[in-house]
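J.:
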Amino acid sequence: MKKNVEEDQSRAELSKLAWDPHYGPPQLKAAISCLSGAGQTTAAAQPESFLDLSAAKKFAGNASRTTIYHWTKRGLRFYRINRRIMFLATDIKAFIVNAQSVRSREVANE
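So, in structure tokens, the structure goes:
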């Protein structure tokens, strides 16, 4: 149980750092490896399951419902299953990483 709490806290910290314009490539690589679960063999053995909105908010670092909604408008992939909105963890990770790279390019062009 304690390991899950620590993972949630580290994901929350990483998602906050991912939006920081001063967050450089070495830190981004470390964040990607942590978010992708590098070094965790159990995650690779299990098939990926869908996350409902509350689990997706928690996975994205305690993001608000409004933030998740805005992300879907910007291209975060979601799935409608029995009138429920569901997300895949890999889609959330890819969206956060992609948003960071777009933001760093925008900061560089200023």
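Each residue of the sequence shown is one higher than the one before, starting from -2 at the first, in the numbering used here.
Note that CB positions come from ideal geometry on N, CA and C, so glycine has one too.
All values reported here derive from a predicted model rather than from experimental measurement.
Mark M(-2) as exposed unless 16 or more other C-beta atoms lie within 10 angstroms of its C-beta, in which case mark it buried.
T.: Because the pLDDT at M(-2) is just 47, under 50, the model does not fix this residue reliably, and the value given afterwards should be weighed accordingly. By the 10 Å Cβ count, M(-2) comes out exposed.
J.: Please identify the residue among T64, A52, A105 and K55 whose C-alpha is closest to the C-alpha of L73.
T.: Ranking the options by Cα distance to L73, first place goes to T64.
J.: First and last residue of the beta strand (DSSP E) that includes L50?
T.: It is not in any beta strand (DSSP E) - L50 instead sits in the alpha helix (DSSP H) that spans L50 to F56.
J.: If you reduce the DSSP assignment to three classes, tell me which class R80 lands in.
T.: Three-state DSSP puts R80 in coil, outside helix and strand.
J.: Identify whether F92 lies in helix, strand or coil by the three-state DSSP scheme.
T.: It is helical.
J.: Can you give the Cα-Cα distance for M83 and V94, rounded to whole angstroms?
T.: C-alpha separation (whole angstroms): 20 Å.
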